[in-house]
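Colleague: Numbering (the numbering used here), first residue to last: 560 to 1226. Ideal Cβ positions, reconstructed from N, Cα and C, are used throughout, including at glycine. Next up is a structure, given as structure tokens.
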């Protein structure tokens, strides 16, 4: 029977072989953390390789994602559909085994990691989701939501500022089923971290309200097992297990050094490592007895079967709750949601209220919230400005996790990454808010949501220089263009309450990526629409106002707070005999996805006199107006002044729109 050391050496061998064959990668972390991983996966992890999506599985997150061969080795050895050929193709085009773990590529990968600090933040979101879902669905004698979230992290994750944000919240929320393993090997890319990382990590986490298990020998299986048992016994606090390890353990000349962090060991060193480890097998060869001891398929099937029996009993006693749980885990919207939302949109059109779109957004939450028990919101300490609280909001706390609202505090990056963890977990439609300019703080987490195609809804208010006196530090300019250029991310900038309602409905229905909802601070006038125009809003762009008989000699394209200016300018020009069309484009990506005939009907190729008006960076709009068109947009930063003065100073006026179009028409 193989020893625990031999089981761990299987991870080391596969990791160094795959990295060597790929001629790139990070062998150090997998070789250093192999013993910890072996104990966790073989003695504690609740999972079923035959069903990677079993709802009550433990979540495992490799936050130090550069050590991806550790995760791929674990998945392969324990029985997931990840073959030895997949490991041989590590880091190759089209392989399941990408350089960093990618969600949706290899079964069992819970989240895409690599940007350090985000994996542990995703894990916080997963543990939070488990706690909330358990509070909402578990009943006496029926624990259908009951599992742990485990995460591995290293010095790099702890140096990144996002780890402070998310781990602080994990302590505040009392996430007792979150257990993190700190790979304390003292090495990063530049060498020994003592020259730039001297934090007292145990005291830091204790100050956050974590349970800390210090000075664990990361190569002693019994010590690791005892530490995990101790961590699991603490139910009111998340746990950090501090494991002293040797990076690249088993490599005679490179272990304990930065040399093995991010490069292959080399053919000769791999051969010497085999001898040092007592591993007598050829590259990528795992003996059958080691495979048998690693195989988790049978135990996993038994675990899931036992849980299914519990769920069947729960379903028998609480059929409505069971049906609701199943619906939410499946990611299905409630029956009738689409029609109820459409009715609300029509109601907004009939009411014709002129308000700030941030207020319209809050109205949408009040309308849609009662329809969606899965709605889970929050704000980065700006609820009163973002208007993210609605009448049914109930704050979540350490003591009571049954609510639906999260106070993230001033932690934009942590908020966004935690949201991604919640989205990955399932069972919720979650949104989080801040000012648009502070999108920069959480930019990389938004990108990760888009890369993973996760339904995180990012609410950004105070969307332009129109926010006024707070000045250029708070006035977004380039942010919307950045969002619009992000693959899989749908970005909406509505012009009134109607378009705001359509945007929220679209965000709740869009499950192939995140959505950014961009709202104004200032009040905006209601726009009149007929039934066809109302139906066309969801297509991303539509003809809001047209010349007689649909003929036009010039087109104004506008979004958000500039649409009403475009409408007034068009009326002025029409009084002079010009045929002007106004196109409102709240969502460019939605419009780009329409068929060619619709796009031609809205923006006819023959009409080359085009003017785009938006109080953000102008360069995005060349794709719609062409090089011969014109753009009234921002070329630089704003200034501190009343909003009306700023809009006039930077050319966002009816008079300037008229002047620019008259010059175009005369050309």
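Taking the runs of the alpha helix (DSSP H) that are 4 residues or longer, which of them lie wholly in the stretch 980-1019?
Modeller: Within the stretch 980-1019, the complete alpha helix (DSSP H) runs of at least 4 residues are 1002-1011.
Colleague: Taking the alpha helix (DSSP H) that residue 731 falls in, what are its first and last residues?
Modeller: It spans 720-732 - the alpha helix (DSSP H) in which residue 731 sits, taken as one unbroken run.
Colleague: Three Cβ pairs or more, each shorter than 8 Å: is that satisfied between the stretch 696-709 and the stretch 612-627?
Modeller: Contact holds: three or more Cβ-Cβ distances are below 8 Å.
Colleague: Answer yes if the stretch 990-1000 comes into contact with the stretch 1027-1039, meaning at least three C-beta pairs across the two stretches below 8 Å, and no otherwise.
Modeller: At 8 Å Cβ cutoff, the stretches touch.
Colleague: Just list the alpha helix (DSSP H) runs in the stretch 828-890, keeping only unbroken ones of 4 residues or longer that don't cross its boundaries, in chain order.
Modeller: Segments of the alpha helix (DSSP H) lying fully in the stretch 828-890: 847-853, 856-876 and 878-889.
Colleague: Could you tell me the distance, in whole angstroms, from the CA atom of residue 1188 to the CA atom of residue 1076?
Modeller: Cα to Cα, the separation comes out at about 27 Å.
Colleague: Which same chain residues end up closer than 8 Å to residue 1148 when comparing Cβ atoms and leaving out the 5 residues on each side of it in sequence?
Modeller: 1043, 1048, 1049, 1050 and 1099, listed in sequence order.
Colleague: Answer with buried or exposed for residue 1118, where buried requires no fewer than 16 other C-beta atoms within 10 angstroms of its C-beta.
Modeller: By the 10 Å Cβ count, residue 1118 comes out buried.
Colleague: Excluding the five sequence neighbours on either side, which residues of its own chain have a C-beta within less than 6 Å of the C-beta of residue 955, listed in chain order?
Modeller: Closer than 6 Å at Cβ, skipping near neighbours: 962 and 965.
Colleague: If you follow the beta strand (DSSP E) that residue 966 is part of, which residue opens it and which one closes it?
Modeller: It spans 964-966 - the beta strand (DSSP E) in which residue 966 sits, taken as one unbroken run.
Colleague: Going by the C-beta, is residue 921 closer than 7 Å to any heavy atom of the ligand ATP?
Modeller: This structure lacks the ligand ATP, and indeed carries no ligand of any kind.
Colleague: Would you kindly work out how many angstroms separate the C-alpha atoms of residue 686 and residue 969, rounded to a whole number?
Modeller: In a straight line, the C-alpha of residue 686 is about 21 Å away from that of residue 969.
Colleague: To test your reading of the DSSP string, which unbroken beta strand (DSSP E) runs of 3 or more residues are found completely within the stretch 1040-1109?
Modeller: DSSP runs (the beta strand (DSSP E)) wholly in the stretch 1040-1109: 1049-1051, 1074-1077 and 1101-1104.
Colleague: Hey, out of 1007, 1155 and 1018, whose CA is closest to residue 994's CA?
Modeller: Looking at the Cα atoms, 1018 is the closest of the given residues.
Colleague: How is residue 631 classed by DSSP in three states: helix, strand or coil?
Modeller: Three-state result, residue 631: helix.
Colleague: What residue range is occupied by the uninterrupted alpha helix (DSSP H) comprising residue 1193?
Modeller: No alpha helix (DSSP H) contains residue 1193, which is instead part of the beta strand (DSSP E) from 1189-1193.
Colleague: Residue 802 bridges to which residues according to DSSP?
Modeller: In DSSP, residue 802 forms a bridge with 742 and 775.
Colleague: Do residue 584 and residue 624 come within 8 Å of each other at the CB atom, strictly closer than that value?
Modeller: No, Cβ-Cβ distance for residue 624 and residue 584 is not below 8 Å.
Colleague: By the three-class DSSP mapping on this structure, what secondary structure does residue 1184 have?
Modeller: Three-state DSSP puts residue 1184 in a helix.
Colleague: Within its chain, find whatever has a CB closer than 8 Å to the CB of residue 983; leave out the 5 residues flanking it on each side and keep chain order.
Modeller: Counting only Cβ-Cβ distances below 8 Å, and skipping sequence neighbours, we find 662, 669, 670, 681, 684, 685, 1011 and 1013.
Colleague: Whole angstroms are fine: how far does the CA of residue 824 sit from the CA of residue 581?
Modeller: When rounded, the distance between both Cα atoms is 12 Å.
Colleague: Of the choices 863, 1139, 858 and 676, whose alpha-carbon is the least far from that of residue 638?
Modeller: The candidate whose alpha carbon is nearest that of residue 638 is 858.
Colleague: Helix, strand or coil for residue 1149, going by three-state DSSP, please let me know.
Modeller: Of the three classes helix, strand and coil, the one that applies to residue 1149 here is helix, per DSSP.
Colleague: Examine the Cβ distances between the stretch 836-852 and the stretch 633-647 and report whether three or more of them are shorter than 8 Å.
Modeller: Yes: at least three Cβ pairs fall under 8 Å.
Colleague: Please name the residue or residues paired with residue 658 in a DSSP beta bridge.
Modeller: Partner(s): none; residue 658 has no beta bridge.
Colleague: Can you tell me the Cα-Cα spacing of residue 872 and residue 881, whole angstroms?
Modeller: Between residue 872 and residue 881, the C-alpha separation is close to 10 Å.
Colleague: Locate the beta strand (DSSP E) running through residue 1141, then write down its first and last residues.
Modeller: Run containing residue 1141: 1139-1143, per the beta strand (DSSP E) assignment.
Colleague: For the structure I just gave you, are there three or more beta carbon pairs, one from the stretch 589-604 and one from the stretch 778-798, closer than 8 Å?
Modeller: Yes: at least three Cβ pairs fall under 8 Å.
Colleague: Here's a check: name, in chain order, each residue in its chain whose Cβ is nearer than 7 Å to the Cβ of residue 1080, leaving out the five neighbours to either side.
Modeller: Hits under 7 Å: 915, 917, 1020, 1021, 1025 and 1026.
Colleague: Among the residues of its own chain, which have a CB less than 6 Å from the CB of residue 1128, if the five just before and after it don't count?
Modeller: Contacts found: 1213, 1216 and 1217.
Colleague: Does the Cβ-Cβ distance between residue 541 and residue 1133 come in under 8 Å?
Modeller: No answer is possible for residue 541: it lies beyond the span of the chain, which begins at 560 and ends at 1226.
Colleague: Suppose you measure from the CA of residue 653 to the CA of residue 626; what does that come to, to the nearest Å?
Modeller: Residue 653 and residue 626: Cα-Cα distance of roughly 19 Å.
Colleague: Check each candidate in 973, 589, 849 and 1092 and name the one with the smallest Cα separation from residue 1229.
Modeller: Past the boundaries of the shown model lies residue 1229; the chain is included only from 560 to 1226, so the question cannot be answered.
Colleague: According to DSSP, which residues form a beta bridge with residue 620?
Modeller: According to DSSP, residue 620 bridges with 710.
Colleague: In or out: residue 1175 buried (at least 16 other Cβ within 10 Å) or exposed?
Modeller: Buried: at least 16 other Cβ atoms inside 10 Å.
Colleague: If we count the other Cβ atoms within 10 Å of its Cβ and call it buried at 16 or more, is residue 834 buried or exposed?
Modeller: So residue 834 ends up on the exposed side.
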